[in-house]
Amino acid sequence: MAARGASCLTVMRFLRCLLVLAILPAQAVALPVETARVLHVYPHDPSAFTEGLLIHDGRLYESTGYEGASFIREEDLRTGRVLRSVQLPPDLFGEGIVAVGDEILSVTWRNGVGFRWSLPDLRRLGRFQYPGEGWGMTYDGRRIILSDGTPVLRFLDPGDLHVVRRLTVTADGVPLRNINELEMMKGEVLANIWLTNEIARIDPATGKVIGWIDLTPLVRRVGARDVDAVLNGIAYDAANDRLYVTGKDWPLLFEIMLSSQIPGARREALPPDTTAPSPEAGIRRRA
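One gets the working numbering by counting positions in the sequence shown from 1 and adding 2 to each.
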């Protein structure tokens with residue numbers, strides 16, 4: 003009996019080991035981290051506190067922040083020259099923008115007020131209201147997607163802007179905070195994570211982060227010393243398959259190619275540091 007019991011115990015331990023080995027690989031695989039190759043560098047207004055960036059019909063549009071310095075403008079990509087500009091009321095802090103049809107919609111940080119602007123002349127068409135904060139925006143072809151610094155993205159009807167759906171974003175099962183500027187690219191939501199050098203690649207169906215884009219080399223290249231001069235601003239030119247990024251008060255705007263698009267390039271399997279910053283990390287703004 004003792005021998006049979008020992009034999010059974012050995013078999014049970016063996017089966018348990020097999021089960022552990024079967025589970026471990028799924029837990030050990032980290033989210034892929036891509037780097038970027040810089041294809042072109044363009045001048046960017048170093049006084050533009052970038053909140054939103056987009057390309058629509060081949061034109062580059064940008065929104066900037068700060069009360070009294072919040073603008074929505076069209077810029078020449080190659081020179082950085084402002085071609086057309088409109089200013090928000092001086093008491094509002096401008097945030098993200100999104101192009102829907104022949105309009106640009108813009109939101110503000112803590113005012114709960116947004117505006118509609120005509121394209122391409124940026125004539126103000128009207129205003130709207132929404133609850134909570136406004137950070138970044140993008141458009142998936144059916145719904146406007148709005149971030150507010152929390153892990154929850156709101157999907158809005160572009161007509162009356164009522165909330166159609168809410169989606170919690172998670173990375174390795176943990177809710178992801180400080181989601182900022184948004185952009186759609188090839189069915190994924192790209193999101194700047196405030197005060198980090200990373201862009202999250204989000205599956206809009208599940209809310210799961212499926213990978214990261216680490217732009218630390220670009221941040222170092224800019225050499226910004228201000229704590230608020232962080233990576234922010236993603237524009238995808240779907241017609242030409244080109245991706246552009248910049249940051250707040252950056253003197254440069256980059257056209258980049260992701261490592262996954264480069265033949266023979268390797269993806270690292272190391273998660274970036276996306277630890278939420280302390281409230282004291284931002285001096286001039288908290289969003």
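Glycine included, C-beta positions come from ideal geometry on N, C-alpha and C.
Out of the options, which one is the CA nearest neighbour of residue i?
i	options	result
residue 190	141, 120 and 58	141
residue 39	118, 112, 188 and 244	244
residue 150	162, 160, 88 and 169	169
residue 164	37, 176 and 146	146
residue 340	262, 46, 157 and 66	Past the boundaries of the shown model lies residue 340; the chain is included only from 3 to 289, so the question cannot be answered.
residue 174	65, 205, 44 and 242	205
residue 162	132, 250, 171 and 62	132
residue 262	143, 228 and 203	203
residue 112	68, 57, 230 and 136	136
residue 56	186, 228, 171 and 123	186
residue 115	134, 171 and 104	134
residue 104	148, 68, 64 and 59	59
residue 242	228, 188, 152 and 229	188
residue 230	68, 152, 171 and 176	68
Flag this pair as yes or no: are the beta carbons of residue i and residue j separated by less than 8 angstroms?
i	j	result
residue 81	residue 96	no
residue 199	residue 234	no
residue 139	residue 166	no
residue 77	residue 88	no
residue 240	residue 246	no
residue 232	residue 197	yes
residue 253	residue 221	no
residue 143	residue 98	no
residue 35	residue 213	yes
residue 79	residue 62	yes
residue 86	residue 124	yes
residue 249	residue 52	yes
How close, in whole Å, do the beta carbons of residue i and residue j come, if the pair is a contact with beta carbons under 8 angstroms?
i	j	result
residue 119	residue 126	6 angstroms
residue 178	residue 211	6 angstroms
residue 102	residue 48	The Cβ separation is near 30 angstroms, so there is no contact.
residue 192	residue 181	Actually they are not in contact, since the Cβ atoms of residue 192 and residue 181 sit about 11 angstroms apart, beyond 8 angstroms.
residue 307	residue 251	Examination of residue 307 is not possible in this model, given that the chain is present from 3 through 289 alone.
Check the Cβ-Cβ distances between residue i and every residue of chain C, and say whether any is below 8 angstroms.
i	result
residue 189	Here there is only one protein chain, and chain C is not present.
Given 8 angstroms, three or more beta-carbon pairs between the segment 61 to 72 and the segment 92 to 106: With a cut-off of 8 angstroms, the segment 92 to 106 and the segment 61 to 72 count as touching, because enough Cβ pairs lie within range.
Cβ contact (3+ pairs, closer than 8 angstroms) linking the segment 208 to 226 and the segment 248 to 267: Touching, yes.
Completely contained beta strand (DSSP E) runs for the segment 72 to 133, where each covers 3 or more residues: Counting only runs of 3+ residues, the beta strand (DSSP E) found wholly inside the segment 72 to 133 occupies 73 to 77, 84 to 89, 96 to 102, 105 to 110, 115 to 120 and 126 to 131, in chain order.
Contained beta strand (DSSP E) runs [length at least 3] in the segment 199 to 225, N- to C-terminal order: Inside the segment 199 to 225, DSSP marks whole beta strand (DSSP E) runs of 3 or more residues at positions 200 to 204 and 211 to 216, from first to last along the chain.
Those runs of the beta strand (DSSP E) which lie wholly inside the segment 223 to 262 and span at least 3 residues: With a minimum length of 3 residues, the continuous beta strand (DSSP E) runs that stay inside the segment 223 to 262 are 233 to 239, 244 to 249 and 254 to 260.
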